[in-house]
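Heads up: the sequence shown begins at 19 in our numbering, then just goes up one per residue. For every residue, glycine included, the Cβ atom is placed at its ideal position computed from N, Cα and C. This report concerns only the one structure given below.
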Amino acid sequence: MKRVVVAVTLVAIGAGCLSLSAQQPSGLPAVRDIQRLRDNLYMISGGDTADRGTWTGGNSLVFVTDGGVVLVDTMLPGAGKPLLERIRSVTAKPVTTVINTHTHYDHSGSNTELPATIEFVAHEGTRDHMARATCEPVTNCGAFKGDNARYLPTKTYRDRLTLFSGKDRVELYFFGRGHTSGDSFIVFPAVRAMHTGDMYPRAQMPFIDTANSGGSAVEFGATLQRAISTIKDVDIVVGGHTPAAVTWSAFESYVDFYTAFLTSAQQAMKAGTTVDTFVKNYAVPASFRGFVADPARVKANAEAIWSESQP
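Now the structure itself:
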């Protein structure tokens with residue numbers, strides 16, 4: 019299998035540079051096996067970002083409707099053909115719609131490897147990032163230049179969008195800035211499922227792309243809270259990098275985890291504590307057993323909170 023290499027530079031929030039060389043891991047398939055979640059809903063895992071040797075991109079969802087297949091996110095570059103092969107193993111229907119949760123290369127990396135007849139859908143902020151004239155590689159806008167501009171989203175929305183009807187209905191929500199300035203929460207009401215993109219990476223401190231894609235460490239919490247208060251009747255949740263689908267209550271716990279972190283940071287800042295002191299003393303509260311707070315992300319997010327809160 020041809021190895022696909024994408025050189026990327028992720029600028030950590032309010033701090034220095036984290037450089038990664040993302041590639042399809044040697045010896046692994048470009049796309050993992052497809053897993054059934056519901057009769058017409060499937061997940062293709064991108065692996066564990068904590069172990070780059072197993073990682074093949076963000077999680078994809080496959081929703082089979084009467085009119086065709088809705089695919090959420092397209093993983094890393096090089097995944098296009100394998101994604102279609104996995105989908106053909108569960109249905110003969112063609113992919114008619116691709117929804118990108120956000121712009122990043124591990125979620126939109128194979129858009130340009132799919133049939134151009136597909137309708138590409140995203141929040142207007144995500145399309146804006148994809149169509150930028152110049153950009154850092156993480157935003158993946160370089161993939162949509164020249165003839166590949168035809169792969170840019172042709173259907174966008176501002177706050178909410180409904181696709182199809184009845185049991186095939188798909189709801190897209192935008193609740194504000196968070197991981198980027200264009201994150202979609204995608205709900206499949208008939209099967210009580212949701213894809214959050216990287217607004218819910220897993221039980222860990224999030225990467226918030228304030229440097230390249232308009233994310234906000236302060237608004238991240240409010241955006242999650244709006245999702246919790248607005249979206250109803252969902253049982254299973256697929257995050258951008260959760261190893262498997264999880265329960266709604268697990269998603270709620272994640273929202274509580276980040277809200278508690280944001281609150282503690284804001285209280286420390288109000289009390290005159292320096293960001294370095296806060297970061298040094300921060301520990302995951304005992305009530306969030308199993309959650310991980312990587313020190314680099316604690317520092318990056320705390321620095322962003324301090325910076326965003328300055329007059």
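- In chain order, TYR276, THR277 and LEU280 place their CB closer than 6 Å to the CB of GLY239, counting only its own chain and leaving out the 5 sequence neighbours on each side.
- A contact between stretches requires three or more CB pairs, one per stretch, nearer than 8 Å, and the region 297-304 fails this requirement with the region 250-264.
- Taking the CA atoms as reference points, ALA322 sits about 8 Å from VAL236.
- Inter-residue distance for MET217 and TYR175 is about 18 Å (C-alpha atoms, whole angstroms).
- In this structure the region 130-141 lies against the region 110-119, because at least three pairs of beta carbons, one per stretch, are closer than 8 Å.
- Exclusion of the five residues before and after SER199 leaves GLY143 and GLY232 as the residues of its chain whose Cβ lies within less than 6 Å of its Cβ.
- Checking the DSSP bridge columns, you'll see LEU59 partnered with ARG56 and PHE81.
- Its Cα nearest to that of GLY164, the residue ALA151 stands out among SER325, ALA151 and PRO155.
- A direct Cα-Cα distance of roughly 45 Å separates LEU170 from THR291.
- Boundaries of the alpha helix (DSSP H) harbouring TYR123: 123-126, taken from the DSSP string.
- Within the region 148-213, no complete alpha helix (DSSP H) segment of 4 residues or longer occurs.
- Contact between the region 179-191 and the region 91-109 is absent: fewer than three C-beta pairs spanning the two stretches fall below 8 Å.
- In this structure, the beta-carbon distance from VAL205 to ILE249 falls below 7 Å.
- Counting only the Cα atoms, VAL273 lies some 27 Å from LEU181.
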